[in-house]
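What follows is a single structure, written as structure tokens, with notes after it.
Number of protein chains: 4
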Amino acid sequence: MTSGKNLRQRLHYIIFDYDTIPAKAFDLVLIVAILLSVTVVMLDTVRGIHTAYGEALYLLEWFFTILFTVEYLLRIYASDSGRRYIFSFYGIIDFLSILPTYFSIFVPGTQYLLVIRFFRVLRIFRLLKLVKFVKEAEFVKASLIASSRKIVFFLFFVLVTVSIIGALMYMIEGEESGFTSIPKGVYWAIVTITTVGYGDIYPQTVLGRTLASLLMIVGYSIIAVPTGIVSAEMAVMNEKIESELSSPCESCCSTTEHDEDASFCKICGKPLT
Amino acid sequence: MTSGKNLRQRLHYIIFDYDTIPAKAFDLVLIVAILLSVTVVMLDTVRGIHTAYGEALYLLEWFFTILFTVEYLLRIYASDSGRRYIFSFYGIIDFLSILPTYFSIFVPGTQYLLVIRFFRVLRIFRLLKLVKFVKEAEFVKASLIASSRKIVFFLFFVLVTVSIIGALMYMIEGEESGFTSIPKGVYWAIVTITTVGYGDIYPQTVLGRTLASLLMIVGYSIIAVPTGIVSAEMAVMNEKIESELSSPCESCCSTTEHDEDASFCKICGKPLT
Amino acid sequence: MTSGKNLRQRLHYIIFDYDTIPAKAFDLVLIVAILLSVTVVMLDTVRGIHTAYGEALYLLEWFFTILFTVEYLLRIYASDSGRRYIFSFYGIIDFLSILPTYFSIFVPGTQYLLVIRFFRVLRIFRLLKLVKFVKEAEFVKASLIASSRKIVFFLFFVLVTVSIIGALMYMIEGEESGFTSIPKGVYWAIVTITTVGYGDIYPQTVLGRTLASLLMIVGYSIIAVPTGIVSAEMAVMNEKIESELSSPCESCCSTTEHDEDASFCKICGKPLT
Amino acid sequence: MTSGKNLRQRLHYIIFDYDTIPAKAFDLVLIVAILLSVTVVMLDTVRGIHTAYGEALYLLEWFFTILFTVEYLLRIYASDSGRRYIFSFYGIIDFLSILPTYFSIFVPGTQYLLVIRFFRVLRIFRLLKLVKFVKEAEFVKASLIASSRKIVFFLFFVLVTVSIIGALMYMIEGEESGFTSIPKGVYWAIVTITTVGYGDIYPQTVLGRTLASLLMIVGYSIIAVPTGIVSAEMAVMNEKIESELSSPCESCCSTTEHDEDASFCKICGKPLT
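Chains as they are written, first to last, in the UniProt record's numbering: chain A, 1 to 273; chain B, 1 to 273; chain C, 1 to 273; chain D, 1 to 273.
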């Protein structure tokens with residue numbers, strides 16, 4: 001019993017910690033295994049490689065899947081609360097990333113969904129200086145959330161624009177130019193406004209080209225809008241961090257006598273804590 | 001008479017309000033109807049779907065048009081001032097979005113203009129926290145207006161550039177490469193400077209490729225200009241909002257007694273003037 | 001003699017001023033003539049239009065050229081100093097924009113250079129509120145000058161990158177994929193790094209595609225650099241303008257007694273003028 | 001012996017200095033030679049030119065290589081410490097830029113790697129006002145380093161996205177549309193998310209086009225993220241430089257007598273702490 005508990009504790013240290021050397025080694029091995037397993041799935045779809053090494057890759061795929069299955073079960077066993085792990089973000093990713101291989105027995109082709117394993121590499125941020133990276137991620141996240149309403153508004157505007165331009169192009173260009181339906185026109189408009197421009201469909205009439213030119217210039221100009229939004233938001237956030245770091249000035253506020261009712265230093269205006 | 005007035009008032013509450021539950025339900029039903037009706041128009045242009053379900057989609061299109069016609073008339077009836085509603089932004093959109101179906105009886109093909117109905121979805125912002133979204137929209141709008149003169153100046157520069165490059169490419173490349181006229185050269189220059197790059201026309205001589213390379217690098221560099229303009233404008237605007245939030249708070253600083261040597265309010269930390 | 005001087009003065013008012021009604025009318029007529037003349041040159045290159053209206057367009061082209069020649073001579077006559085006008089920015093543009101038609105008598109095809117006339121439209125900014133637009137132009141110009149060294153540095157980096165990648169792709173892909181020489185490889189690299197992507201040349205080997213992917217991601221990431229440079233520069237410039245507008249605070253500095261040796265107000269820290 | 005030392009010193013002045021006229025002349029000749037030698041290598045790959053001038057270009061290539069070899073040896077001889085020069089950034093570049101020609105005797109085709117000589121042009125910044133350019137370079141470098149963690153995080157997100165979308169497109173589109181393997185799907189996803197859009201591979205099914213549209217809009221939106229990061233970082237850096245320039249000037253504030261009630265230095269306007 002005690003040894004069982006000890007095993008569990010040791011497992012917990014290895015799997016869930018990230019400061020100790022065995023935990024780091026475990027993470028490193030895990031990430032290499034993940035990258036290898038995704039590479040195996042990807043390479044297996046290349047015809048030449050499949051013909052030559054198909055069987056070996058198939059075995060490797062099963063080897064990694066079984067490995068990750070064992071790891072998944074150990075994680076449930078070693079976690080403080082199995083249920084909490086299972087329904088956590090990583091728990092779900094871990095589960096989804098073993099499922100496709102088993103599923104492919106019944107429905108061939110689904111094993112390609114294994115690329116979801118890539119998400120497991122998020123753990124890599126544990127190996128690097130964790131806290132700092134989490135901060136960066138949270139910075140980007142916070143900026144995006146702060147600007148999300150503006151971006152939703154912007155995307156809605158883009159959506160309406162491509163729908164209307166798509167319908168107009170369908171009417172102007174017609175089937176000869178490849179605009180065989182409004183949805184296809186909308187698809188073309190998205191390809192154009194985002195400046196991807198495959199060239200599989202393109203206007204061929206004078207009116208169509210004029211409208212397309214307008215759309216391109218609009219697309220080129222409005223890229224400034226989301227960029228501006230996010231830039232401005234990040235600048236504000238940077239400033240907040242700066243001002244937080246530089247707020248209570250020790251030198252002034254510790255030498256000054258503050259009135260009892262003061263919430264701010266009357267000399268330098270810094271908030272008193 | 002009174003019941004008529006009551007009916008009108010009740011309609012007004014349902015149609016024009018957005019805080020009550022029946023008004024929200026009405027808006028939600030309306031938006032679903034709009035999205036469905038646009039989808040019907042779009043799908044009807046896909047050949048396979050048209051052959052199979054053309055008649056049903058035709059009937060649906062008329063169903064939605066009549067529905068929106070009734071709604072339009074009710075809006076006129078229920079609004080405080082029919083005339084003001086008719087000539088308001090939403091009134092015109094509502095009118096234009098029922099017109100194409102009736103018009104298509106005389107001129108087939110015009111029903112595709114129904115995609116204008118998409119603009120009616122702007123009402124969706126009423127369902128979400130209205131005021132906040134209006135603020136975001138106004139923020140984007142104000143930033144764009146503040147930077148509009150700079151952007152007009154920039155677009156003029158782009159226009160002159162593409163005209164001159166378009167003419168030069170027509171002279172350099174000629175008809176074999178697809179540059180069959182100056183307008184087509186200008187169209188190519190727009191496709192290139194906006195980095196869309198369909199590939200339907202492209203330079204094939206050494207001189208043409210060199211000029212194209214220059215245009216691309218210019219295009220790639222000057223995208224920075226409108227982005228910079230809008231970003232800077234938005235940063236200024238963000239700062240204004242911030243400083244408005246933190247500007248000398250009347251309520252505090254006029255009721256507090258300040259020490260003679262105080263440069264900052266000791267209660268709220270605002271600088272004293 | 002006096003009437004000659006009067007004529008000259010009157011011409012000067014009409015041609016070089018921009019506040020009076022006749023001067024504005026003159027500018028407006030001029031701009032319409034410029035746009036029409038460029039349109040004539042452009043349309044004449046469209047085959048269908050050339051066949052049908054070629055002769056009429058040819059006459060129109062000469063009509064506009066003679067008109068602009070007369071205007072050019074009048075400008076020299078009416079200007080305070082003919083020489084200074086001739087060698088000014090506008091003087092050179094005006095001269096260059098009549099030259100191609102005369103030149104095309106000897107070398108056919110050069111008339112297309114008439115598109116340079118577009119630059120004359122810069123005068124349009126005189127019709128609009130001149131001073132404000134000049135300010136905007138100067139703002140953009142100043143920001144670009146302030147960031148020009150950083151952008152030159154950036155362009156040099158881009159140039160070295162595309163040269164090296166272009167040479168590598170020539171070695172990897174070879175002639176079958178269209179990479180027939182290093183200059184063509186460099187051209188492809190420019191098309192790719194600027195995200196234009198015509199698709200006339202593209203990698204077809206695994207190694208080539210991998211290198212291309214790297215180049216794309218680099219190109220996609222470094223677009224941030226010039227944008228960031230210009231944005232930051234414009235933000236700084238905006239702040240300077242703001243702080244200039246808000247510097248000497250009347251309320252404080254006019255009521256305070258300043259020491260004789262003070263360059264700044266000792267209460268609010270604003271510079272004293 | 002003394003003359004040997006003198007020669008060495010004179011060489012050192014010419015090669016490693018950049019303020020004197022002979023040193024500047026040497027740098028200028030060097031840069032012209034570098035640009036010419038790279039042009040020679042590039043032009044030699046153009047078939048027409050190779051046929052006509054192949055032999056002359058071959059001789060020129062060897063001429064430049066021997067020239068640079070002599071220069072390299074002189075640099076080692078003239079430097080204060082030969083070893084330190086050899087292992088410095090420029091030393092390695094100088095060595096690598098003569099190697100390919102010698103190497104091409106054994107392995108033909110490797111001479112194209114000579115384009116690495118381009119890096120030697122970095123010396124050009126010595127001719128221009130050196131210190132300022134180094135500052136600009138350091139500014140860009142510092143901004144990129146400050147935002148590197150955020151950009152790594154962003155690139156990781158892009159990588160995971162293109163892998164998953166690439167695999168999905170392989171499953172949806174299959175071989176007929178050119179998605180012959182997952183790596184090719186990933187390549188397509190990179191071409192799309194970076195808005196390059198060659199058009200060599202593109203979706204042809206409805207589901208594929210829908211997914212592609214999503215990817216494009218995501219790609220179009222998230223370009224805002226790295227731009228925002230770098231812009232914000234540069235804005236912060238600009239501010240730091242500004243505030244450093246305007247930070248409490250020791251020389252003034254420690255020598256001035258301040259009034260007791262002064263919150264700001266009355267000489268330089270800096271806030272007093």
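For every residue, glycine included, the Cβ atom is placed at its ideal position computed from N, Cα and C.
Bear in mind that the values here come from a model prediction, so they are computed numbers and not experimental data.
Spatially closest choice to residue i from the options, by CA coordinates
i	options	result
A:V160	B:L214, B:V70, B:E55, B:R117	B:R117
B:T192	B:F64, B:V218, B:Q204	B:V218
C:E138	C:A52, C:M234, C:L7	C:M234
C:Y112	B:Y13, B:L168, B:G174, B:T45	B:L168
B:T194	B:A212, B:S181, B:T180	B:A212
A:S97	A:A33, A:F106, A:F154	A:A33
D:E176	D:K150, D:T205, D:P183, D:F154	D:T205
D:T45	D:Y72, D:T110, D:R149, D:L73	D:T110
B:F103	B:L114, B:Y85, B:R83	B:L114
C:A232	C:S148, C:L155, C:I201	C:S148
A:L74	A:F106, A:L60, A:F26, A:G48	A:F26
A:L30	A:F153, A:A146, A:D94	A:D94
C:V40	C:D17, C:T65, C:R84	C:T65
A:L214	B:M216, B:G199, B:I92, B:L155	B:L155
B:F87	B:Y72, B:Y58, B:A146	B:Y72
Buried versus exposed, by CB contacts within 10 Å (16 or more), residue i
i	result
C:Y90	exposed
B:K141	exposed
B:G197	buried
B:A224	buried
D:Q9	exposed
A:I21	exposed
C:T227	buried
C:L36	exposed
A:S221	buried
D:I15	buried
C:I172	buried
C:P108	exposed
C:L28	exposed
B:V158	buried
D:G48	exposed
C:L59	exposed
D:I105	exposed
Cβ shell of residue i (< 6 Å), same chain only, five flanking positions each side left out
i	result
C:E250	With a pLDDT of only 47 at C:E250, under the threshold of 50, the placement of this residue in the model should not be trusted, and no figure is reported.
C:V186	V162, S163, G166
A:L67	none
C:A189	V162, I165, G166
C:E55	none
B:H50	D44
B:Y170	F179, I182, G185
B:S79	Y85
A:P100	T110, Q111, L113, L114
Own chain residues within Cβ distance below 8 Å of residue i, not counting five before or after
i	result
B:Y77	R8, L11
Cβ shell of residue i (< 7 Å), same chain only, five flanking positions each side left out
i	result
A:T210	none
A:V38	L114, V115, R117, F118
D:R120	I34, I93, D94, S97
D:L207	I172
- Members of the region 193 to 212 of chain B near chain C, C-beta cut-off 7 Å: Here the close residues are T195, G197, G199, Y202, R209.
- With 7 Å as the limit, tell me which residues of the region 29 to 52 of chain D have their beta carbon closer than that to any beta carbon of chain B; keep them in chain order. Taking 7 Å as the cut-off between beta carbons, none of the residues of the region 29 to 52 of chain D comes near chain B.
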